[in-house]
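K.L.:
Residue numbers (this note's numbering): 109 to 448. Note that beta-carbon positions come from the ideal geometry of N, C-alpha and C, so glycine has one too. Just so you know, these numbers come straight off a predicted model, no measurement behind them. Mind having a look at this structure? Questions to follow.
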Amino acid sequence: MSEALDQYINDLQTLAEDAKKAFESAKQKEDLEAHRVEFMGAKNGHLKRLQKGIGKVEKDEKRAAGQKFNEVKQAVEQSFQTAQDRLANLSASEQVGPRFDPTLPGTKRPIGRNHPLTQTVEELKRTMARLGFEVAHGPEIEDEWHNFDALNIPASHPARHPDENFYLANLTQKGHPLLWRSQTSTVQIRVMEKRTPPVRIISLGRVYRPDKPDATHFPMFHQIEGLMVDRGVTMAHLKTTLRLFATSLLGEDVHIRFRPSFFPFTEPSVEVDMSWQGGWLEMGGAGMVDPNVLKAVGYDPDEVSGFAFGLGVERICMRRHNVEDIRSFFENDVRFLHQF
Ligand code: DAH
Numbered sequence: 109m110s111e112a113l114d115q116y117i118n119d120l121q122t123l124a125e126d127a128k129k130a131f132e133s134a135k136q137k138e139d140l141e142a143h144r145v146e147f148m149g150a151k152n153g154h155l156k157r158l159q160k161g162i163g164k165v166e167k168d169e170k171r172a173a174g175q176k177f178n179e180v181k182q183a184v185e186q187s188f189q190t191a192q193d194r195l196a197n198l199s200a201s202e203q204v205g206p207r208f209d210p211t212l213p214g215t216k217r218p219i220g221r222n223h224p225l226t227q228t229v230e231e232l233k234r235t236m237a238r239l240g241f242e243v244a245h246g247p248e249i250e251d252e253w254h255n256f257d258a259l260n261i262p263a264s265h266p267a268r269h270p271d272e273n274f275y276l277a278n279l280t281q282k283g284h285p286l287l288w289r290s291q292t293s294t295v296q297i298r299v300m301e302k303r304t305p306p307v308r309i310i311s312l313g314r315v316y317r318p319d320k321p322d323a324t325h326f327p328m329f330h331q332i333e334g335l336m337v338d339r340g341v342t343m344a345h346l347k348t349t350l351r352l353f354a355t356s357l358l359g360e361d362v363h364i365r366f367r368p369s370f371f372p373f374t375e376p377s378v379e380v381d382m383s384w385q386g387g388w389l390e391m392g393g394a395g396m397v398d399p400n401v402l403k404a405v406g407y408d409p410d411e412v413s414g415f416a417f418g419l420g421v422e423r424i425c426m427r428r429h430n431v432e433d434i435r436s437f438f439e440n441d442v443r444f445l446h447q448f
């Protein structure tokens with residue numbers, strides 16, 4: 109055997125051993141891949157380099173050199189395969205390798221949560237959905253037609269006074285003044301203008317009034333509005349709906365009470381109270397939709413009737429969580445918000 113062949117075979121054997129050691133030391137897939145490229149890479153891998161070395165061997169020894177090369181190539185492939193199988197069988201935590209120390213404290217990520225009012229709103233939606241009420245939306249900037257006129261609130265009514273509302277100083281729509289809506293009853297009108305009866309909706313959202321903030325007042329708050337219009341809707345439907353609403357929200361032993369009242373958009377009108385821990389709570393207003401309102405949206409009051417209600421969301425939320433000051437909802441103090 110010539111010295112050149114002897115050297116060549118030696119090199120091949122060293123390569124096989126090095127490759128085996130490298131593959132065996134790989135602790136994760138990325139390491140093994142790097143070694144694969146180093147030894148078996150099609151362009152510059154060690155195997156490729158030695159394959160080219162056959163050219164330097166004497167002609168009559170080329171066959172022997174080629175045979176040896178093939179043996180070594182197979183051996184390298186075999187040890188690569190073995191290493192690959194070994195890594196595939198490792199559990200996920202073992203694969204991450206020594207850089208991961210599970211005993212170190214992790215990175216703390218502050219996890220947020222829904223605002224208590226959002227939580228209450230979601231719950232009110234779920235409760236009313238079970239009674240077949242669909243959620244409708246309306247804009248927060250309104251015209252006087254939807255906020256007042258269509259709701260049978262005449263121009264002389266004190267609720268329309270500029271001191272009682274946030275009119276937008278220089279903003280008008282087709283010459284008519286705009287204002288931040290003072291009630292969600294606006295959505296009743298918007299829905300009825302677009303649809304024909306039967307209608308069964310609720311609407312939840314912000315309303316605005318220039319009230320001085322104190323424990324029970326804030327210039328922005330939330331209401332839930334309800335409206336049902338169909339043939340033959342009566343006060344009994346209203347009372348049953350509100351009773352089911354109250355019990356599913358506050359518990360089986362909750363009662364509701366109606367007191368006579370007045371709203372321009374309902375006739376008759378009532379104040380709704382719910383019993384709670386031995387007392388009565390005012391929840392908002394309700395009544396049978398006034399025929400003038402039905403006419404304003406093009407419904408025939410001789411054909412259909414309806415009930416409506418409007419309740420304060422903050423009030424419900426404050427009751428449920430024993431919150432004593434409405435302002436705490438809007439101060440963005442996470443020590444308060446994290447309690448819910
Ligand atoms: N919109 C009234 C308010 O803000 C509440 C209300 C009363 C809504 C009676 C209604 C209703 O739908 O029927 O004070």
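Taking Cβ to Cβ, would you say L140 is nearer than 8 Å to K181?
P.N.:
Your numbering for residue 140 matches position 32 in the sequence shown. Your numbering for residue 181 matches position 73 in the sequence shown. No.
K.L.:
What's the C-alpha gap between Y316 and E411?
P.N.:
To locate residue 316, count along the sequence shown from 1; it is residue 208. To locate residue 411, count along the sequence shown from 1; it is residue 303. One C-alpha to the other measures close to 35 Å.
K.L.:
Where in the stretch 287 to 321 do unbroken runs of the alpha helix (DSSP H), each at least 4 residues long, occur, reported from the N-terminal end onward?
P.N.:
Entirely contained in the stretch 287 to 321, the alpha helix (DSSP H) runs reaching 4 residues are, in chain order, 294 to 302.
K.L.:
Where do the N-terminal and C-terminal ends of the alpha helix (DSSP H) with F454 fall, by residue?
P.N.:
Any answer about residue 454 is impossible in this case: the structure gives the chain only from 109 up to 448.
K.L.:
Answer yes or no: the CB of S413 versus the heavy atoms of the ligand DAH, is any distance below 7 Å?
P.N.:
Taking the first residue of the sequence shown as 1, we reach residue 413 at position 305. No - the ligand DAH has no heavy atom lying nearer than 7 Å to the Cβ of S413.
K.L.:
Fully enclosed by the stretch 313 to 364, which alpha helix (DSSP H) runs are 4 residues long or longer?
P.N.:
For the stretch 313 to 364, whole alpha helix (DSSP H) runs of length 4 or above, ordered along the chain, are 343 to 358.
K.L.:
Confirm, please, whether the CB-CB distance from P376 to M391 is below 8 Å.
P.N.:
The residue given as residue 391 occupies position 283 in the sequence shown. The residue given as residue 376 occupies position 268 in the sequence shown. Their beta carbons are not under 8 Å apart, which means M391 does not touch P376 by this criterion.
K.L.:
Assuming V380 and P368 form a contact by the criterion Cβ under 8 Å, report the distance between their Cβ atoms to the nearest whole angstrom.
P.N.:
To locate residue 380, count along the sequence shown from 1; it is residue 272. To locate residue 368, count along the sequence shown from 1; it is residue 260. 12 Å between Cβ atoms; not a contact.
K.L.:
Got a sec, what are the start and stop residues for the alpha helix (DSSP H) S133 sits in?
P.N.:
On the sequence shown, residue 133 is found 25 positions in, with the first residue counted as 1. Here the alpha helix (DSSP H) through S133 covers 111 to 133.
K.L.:
Starting from L62, trace the alpha helix (DSSP H) both ways and give me its first and last residue.
P.N.:
Here the chain has residues from 109 to 448 only, and residue 62 is not among them.
K.L.:
Suppose contacts are defined by Cβ-Cβ distances below 8 Å. Is F274 in contact with L287 by that definition?
P.N.:
Here residue 274 is taken as the residue at index 166 of the sequence shown, counted from 1. Here residue 287 is taken as the residue at index 179 of the sequence shown, counted from 1. Going by C-beta atoms, F274 is nearer than 8 Å to L287.
K.L.:
For the alpha helix (DSSP H) containing L276, list its first residue and its last residue.
P.N.:
Translated into positions along the sequence shown, residue 276 becomes position 168. No alpha helix (DSSP H) holds L276; the beta strand (DSSP E) holding it covers 274 to 281.
K.L.:
If V362 and V337 are in contact, beta carbons under 8 Å, what's the gap, nearest whole angstrom?
P.N.:
Position 254 of the sequence shown, counted from the first residue, corresponds to residue 362. Position 229 of the sequence shown, counted from the first residue, corresponds to residue 337. That belief does not hold up - the Cβ atoms of V362 and V337 are roughly 27 Å apart, past 8 Å.
K.L.:
Considering only the alpha carbon of each residue, which of A134, L123, K170 lies closest to A112?
P.N.:
By one-based count along the sequence shown, residue 112 stands at place 4. The shortest Cα separation from A112 among A134, L123, K170 belongs to K170.
K.L.:
I believe L225 touches F437 by the beta-carbon criterion, under 8 Å. Please report the beta-carbon distance rounded to the nearest angstrom.
P.N.:
Position 117 of the sequence shown, counted from the first residue, corresponds to residue 225. Position 329 of the sequence shown, counted from the first residue, corresponds to residue 437. Confirmed, Cβ separation roughly 6 Å.
K.L.:
Verify the contact flag: E333, CB atom, against every heavy atom of the ligand DAH, threshold strictly below 7 Å.
P.N.:
Translated into the one-based positions of the sequence shown, residue 333 becomes position 225. Answer for E333: yes, Cβ within range of the ligand DAH.
K.L.:
Taking Cβ positions, are L312 and K233 nearer each other than 8 Å?
P.N.:
For the purposes of this step, residue 312 is taken as the residue at position 204 of the sequence shown. For the purposes of this step, residue 233 is taken as the residue at position 125 of the sequence shown. Yes.
K.L.:
Leaving out the 5 sequence neighbours to the left and right, which residues in its chain are closer than 8 Å to H325 when beta-carbon positions are compared?
P.N.:
In the sequence shown, counting from the first residue as 1, residue 325 sits at position 217. The residues are D319, I434.
K.L.:
Determine the DSSP secondary structure at V405, reduced to helix, strand or coil.
P.N.:
Position 297 of the sequence shown holds residue 405. Of the three classes helix, strand and coil, the one that applies to V405 here is coil, per DSSP.
K.L.:
Taking the C-alpha atoms as reference points, what is the distance between L158 and R207?
P.N.:
Translated into the one-based positions of the sequence shown, residue 158 becomes position 50. Translated into the one-based positions of the sequence shown, residue 207 becomes position 99. Their Cα atoms are separated by approximately 35 Å.
K.L.:
Looking at the strands, I want to know which residues DSSP matches up with F366.
P.N.:
Counted from its first residue, the sequence shown places residue 366 at position 258. Paired residues: V380.
K.L.:
Looking only at DSSP bridge pairs, what is H254 linked to?
P.N.:
Taking the first residue of the sequence shown as position 1, residue 254 is located at position 146. The partner list for H254 (beta bridge, DSSP) is empty, contrary to what the question assumes.
K.L.:
I'd like the list of long-range same chain contacts for F188, defined as Cβ closer than 7 Å, with 5 residues on each side in sequence excluded.
P.N.:
Position 80 of the sequence shown, counted from the first residue, corresponds to residue 188. The answer, listed in chain order, is F131, R144, M148.
K.L.:
Cα-Cα, which of I249, K151, R303 is closest to T280?
P.N.:
To locate residue 280, count along the sequence shown from 1; it is residue 172. Of I249, K151, R303, the residue nearest in Cα terms is I249.
K.L.:
Quick check: what's the CA-CA separation for R217 versus E231?
P.N.:
Here residue 217 corresponds to residue number 109 of the sequence shown, with the count starting at 1. Here residue 231 corresponds to residue number 123 of the sequence shown, with the count starting at 1. Those two C-alpha atoms are separated by around 27 Å.
K.L.:
Near M343, what residues of its chain come up, given a Cβ to Cβ distance below 8 Å and the 5 sequence neighbours on each side ignored?
P.N.:
The residue you call residue 343 lines up with position 235 of the sequence shown. Answer for M343: P376, M396, F415, listed in chain order.
K.L.:
Could you tell me if the beta carbon of G313 falls within a distance shorter than 7 Å of some heavy atom in the ligand DAH?
P.N.:
Taking the first residue of the sequence shown as position 1, residue 313 is located at position 205. No; taking the cut-off as 7 Å, the Cβ of G313 has no heavy atom of the ligand DAH nearer than that.
K.L.:
Once you ignore the five residues that flank K164 on each side, which residues in its own chain have a CB closer than 8 Å to its CB?
P.N.:
If you number the sequence shown from 1, residue 164 lands on position 56. A112, Y116, listed in sequence order.
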